[in-house]
Amino acid sequence: MKFHIIAAKDLKILIRDRNALILMFILPMIIISVAGLALGGSFGQDIGIDVLVVDLDNGEISKGFVEFLEEIDILDVDMESNEFAARERVRGQEYGRSIIIPQGFTESVMRGQNSELLIISDPTEKDQNTVVEKIVEGYASSLSTNVVVVKTVAAYGVPVYNEEQIDEIVDVAEQFTQPPPVQVVTESTSSQLEEFTPFTQYVPGFAVMFLLFTTVGVGAASLLKERESGTLRRLVTAPISKSEIIGGKIASTFFRGFVQLTVLMAFGNVVFDLDLGSSMVALVVLISAITLASTGLGLLVAVIVTTKDQADSVSNMIVLIMSAIGGSWWPLFIEPQFMQDLARLTITAWAMDGFYDLLYFDLGLVGILKEVTVLLLMSILFFGVAISRFRFE
11 MKFHIIAAKD
21 LKILIRDRNA
31 LILMFILPMI
41 IISVAGLALG
51 GSFGQDIGID
61 VLVVDLDNGE
71 ISKGFVEFLE
81 EIDILDVDME
91 SNEFAARERV
101 RGQEYGRSII
111 IPQGFTESVM
121 RGQNSELLII
131 SDPTEKDQNT
141 VVEKIVEGYA
151 SSLSTNVVVV
161 KTVAAYGVPV
171 YNEEQIDEIV
181 DVAEQFTQPP
191 PVQVVTESTS
201 SQLEEFTPFT
211 QYVPGFAVMF
221 LLFTTVGVGA
231 ASLLKERESG
241 TLRRLVTAPI
251 SKSEIIGGKI
261 ASTFFRGFVQ
271 LTVLMAFGNV
281 VFDLDLGSSM
291 VALVVLISAI
301 TLASTGLGLL
311 VAVIVTTKDQ
321 ADSVSNMIVL
331 IMSAIGGSWW
341 PLFIEPQFMQ
351 DLARLTITAW
361 AMDGFYDLLY
371 FDLGLVGILK
381 EVTVLLLMSI
391 LFFGVAISRF
401 RFE
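For the sequence shown, the working numbering gives the first residue as 11, with consecutive numbering after it.
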């Protein structure tokens with residue numbers, strides 16, 4: 011296979027083009043910095059998620075759970091004493107969601123009995139509900155460890171006579187679970203949420219937008235430019251197959267986009283102390299999936315339009331629309347529901363969901379499997395249609 015020759019040629023041209031390098035790296039860094047610093051205050055106020063909590067247990071664990079919720083910056087927690095009243099307030103859309111802590115919750119956890127936390131939600135606020143569900147699931151996961159330990163002790167016939175012994179068992183279990191003994195793949199660590207800063211939104215948001223400009227806009231335009239100049243026709247006569255030519259173009263665009271997105275995320279980490287999550291493998295997988303999907307979209311644009319000027323116009327329109335409705339410029343959940351549903355057709359929305367799962371919830375590789383799968387399916391669709399319609403003339 012000689013596709014690497016084509017890819018290397020394109021990358022050498024890029025390296026010699028200072029203006030292109032500035033557009034790929036310096037300009038995004040400036041915009042990320044300006045947006046994060048200038049809009050940080052108003053952004054923090056806009057993302058508040060209201061939560062109505064009903065604590066029917068009023069025990070030690072339930073109080074600890076309420077305190078945990080109150081410490082999360084993006085949650086606005088209010089208390090209600092009556093479950094029926096809470097249901098009515100959610101039904102009347104006074105609150106978007108309510109968390110019901112059942113009576114006897116603390117005792118159930120301490121004695122190793124199954125229990126549940128109930129979330130009542132307004133279906134029109136789907137994305138905000140998802141955020142709250144992940145937070146609650148993360149906290150419930152840590153409590154489940156205690157329940158499993160107590161059940162295990164009982165299963166082996168170790169006698170437990172009183173509540174003090176149960177407390178001792180739970181305390182010992184917590185010592186062995188903090189930090190988790192196995193950390194290669196983290197299914198849910200959302201009980202240890204990272205601080206949500208403006209840069210949690212703006213670094214990945216603008217990084218994805220500029221990635222799309224590179225892979226969709228520049229990628230499509232460069233391919234059409236070579237077609238218009240006759241370079242592709244000359245390549246066909248060279249001792250290299252058409253599949254290798256296309257593969258080289260795809261490889262160079264993918265590599266360019268992968269490096270750009272990686273550098274911009276590293277910039278956010280170094281300059282603005284953006285937490286990138288505990289799994290670098292998960293981050294690399296997500297960046298690769300996003301870049302592959304956007305590279306495929308760029309190739310698709312190149313076969314749909316006929317000239318470089320058309321590619322510039324169409325790609326710019328696609329990138330700006332996807333960035334606006336897909337969550338690059340603001341959190342997706344503040345958009346109307348029909349726009350949130352429409353955003354699921356974009357690369358941006360799935361990319362931002364994946365970054366939230368890693369940068370804020372720290373869910374690891376398992377936590378982004380859904381987003382990565384959708385992005386890979388998009389890649390297959392884009393590449394399949396584009397390659398089937400690709401013409402060298």
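Where a beta carbon is used, it is the ideal one built from N, C-alpha and C, also for glycine.
DSSP beta-bridge partners of residue i
i           : result
residue 59  : 85
residue 109 : 63, 129
CA-to-CA distance, residue j to residue i, given in whole angstroms
i           : j           : result
residue 221 : residue 92  : 50 Å
residue 387 : residue 107 : 33 Å
residue 139 : residue 95  : 19 Å
residue 272 : residue 123 : 46 Å
residue 332 : residue 256 : 26 Å
residue 335 : residue 104 : 26 Å
residue 85  : residue 126 : 21 Å
residue 227 : residue 398 : 20 Å
residue 289 : residue 373 : 9 Å
residue 389 : residue 395 : 10 Å
residue 87  : residue 77  : 10 Å
residue 369 : residue 36  : 23 Å
residue 354 : residue 277 : 28 Å
residue 100 : residue 362 : 28 Å
residue 385 : residue 392 : 10 Å
residue 347 : residue 359 : 14 Å
residue 72  : residue 133 : 26 Å
residue 329 : residue 218 : 10 Å
residue 319 : residue 259 : 19 Å
residue 323 : residue 301 : 21 Å
residue 111 : residue 214 : 35 Å
residue 9   : residue 97  : The requested residue 9 does not occur in the structure, where the chain is confined to residues 11 to 403.
residue 294 : residue 275 : 11 Å
residue 371 : residue 283 : 16 Å
residue 102 : residue 153 : 32 Å
residue 223 : residue 315 : 16 Å
residue 192 : residue 317 : Below a pLDDT of 50, predicted positions are generally treated as unreliable, and residue 192, at 30, falls in that range; no measurement from the model is reported.
residue 327 : residue 265 : 24 Å
Residues of its chain near residue i, where Cβ-Cβ distance is below 6 Å and the 5 sequence neighbours each way are ignored
i           : result
residue 230 : 308, 311, 312, 321, 325
residue 364 : 296, 378, 381
residue 367 : 373, 377, 378
residue 453 : Examination of residue 453 is not possible in this model, given that the chain is present from 11 through 403 alone.
residue 135 : 106
residue 303 : 357, 385, 388, 389
Residues near residue i in its chain [Cβ-Cβ closer than 7 Å; skip 5 each side]
i           : result
residue 263 : 225, 229, 305, 308
residue 349 : 335
residue 291 : 375
residue 356 : 332, 335, 336
residue 75  : 111, 149
residue 79  : 61, 63, 85, 87
Chain-order list of residues whose beta-carbon lies under 8 Å from that of residue i (same chain, five-residue window excluded)
i           : result
residue 298 : 268
residue 279 : 285, 286
residue 142 : 59, 61, 85, 107, 109, 129, 131
residue 352 : 335
residue 383 : none
Distance cut-off 8 Å: residue i Cβ against heavy atoms of the ligand GTP
i           : result
residue 379 : Although the ligand GTP was asked about, the structure shown includes no ligands whatsoever.
C-beta neighbour in chain B for residue i, strict 9 Å
i           : result
residue 356 : The structure shown contains no chain B; it holds only a single protein chain.
**Message:** With a threshold of 8 Å, are at least 3 pairs of Cβ atoms found where one atom belongs to the segment 62 to 70 and the other to the segment 113 to 124?
**Reply:** Segments in contact, yes.
**Request:** Enumerate, from N- to C-terminal direction, the unbroken alpha helix (DSSP H) stretches of 4 or more residues contained entirely within the segment 320 to 391.
**Result:** The DSSP assignment places 347 to 353, 357 to 369, 374 to 377 as complete runs of the alpha helix (DSSP H) inside the segment 320 to 391, in order along the chain (cut-off: 4 residues).
**Prompt:** Residue ranges of each alpha helix (DSSP H) run of no fewer than 4 residues wholly in the segment 264 to 322, ordered along the chain?
**Reply:** Whole alpha helix (DSSP H) segments, 4+ residues: 290 to 314.
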